[in-house]
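Visitor: Numbering follows this note's numbering, in which position 56 of the sequence shown is assigned residue number 446; successive positions increment by one, without gaps. Heads up, the beta-carbon is just placed ideally off N, CA and C, and yes, glycines get one too.
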Amino acid sequence: MRAGTSVINPGIYLGWHYAVLILNIAAMVLITCGIAVAALQYRRQDRKRLVTILFTGFISMAAIVLGVSLMVFVINAEMLESKFLIGVRNTFQKYYGYSFYLSCFACLLLVFSAFGAILVTAFTFFLRSPPEVVASQLSSTVQDYNYQPTKLPPEDLRIVVNRKT
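1. Measure the C-alpha to C-alpha separation of Phe-515 and Gln-431 and round it to an integer number of angstroms.
2. What distance in whole Å lies between the Cβ atoms of Ala-452 and Ala-417, which are believed to be in contact at a cut-off of 8 Å?
3. Determine the closest residue to Leu-456 out of Val-427, Ile-425, Ala-409, with distance taken between C-alpha atoms.
4. Using a Cβ-Cβ cut-off of 7 Å (strictly less than) and excluding sequence neighbours within five positions of Ser-489, which residues of its own chain qualify?
5. In chain order, what residues of the same chain lie with their CB nearer than 6 Å to the CB of Ser-503, ignoring the 5 residues before and after it?
6. How far does the alpha helix (DSSP H) with Gly-506 in it extend, from its first residue to its last?
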């Protein structure tokens, strides 16, 4: 037997395994790019809005790619099962392995993180930046603390209370 040849010839119908693998690797690359862009925000504070948009885009695309990968897996696994079990019913118990459920959980986490990234993007664009908020609160607090009345009200506006004993 030559080196590099396999004993089992899986056939052409198992090429979807490679498609699922490539889609999963693409999702991991997109997640890594999103994390790298988020880490870049700490070095470049002036590019906060651009970095937030890039992070949201990478995480959202990773969620979509991983979702497509799971759909390809489920559809082709069903087709493969129907190819082998034509005419034979209830012979084998049908179940997916734990890696499928881990991938589903990862897709769920990616969807939640995409929602969080969209929320952070909305906050970045529609709220004032924290230094402006702190400066306005600090200036109003200092003004309240340093407030001193400059003159007394006129005599006719003063209320004089006479106590009768």
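Guide: Once the coordinates are examined:
1. For the pair Phe-515 and Gln-431, the Cα-to-Cα distance works out to about 15 Å.
2. The distance from the Cβ of Ala-417 to that of Ala-452 is about 5 Å, consistent with a contact at the 8 Å cut-off.
3. Nearest C-alpha to Leu-456: Ala-409.
4. Answer for Ser-489: no residue qualifies.
5. Annotation for Ser-503: Ile-449 place their beta carbon closer than 6 Å to its own, counting only its chain and skipping 5 residues before and after.
6. First-last of the alpha helix (DSSP H) with Gly-506: 488-516.
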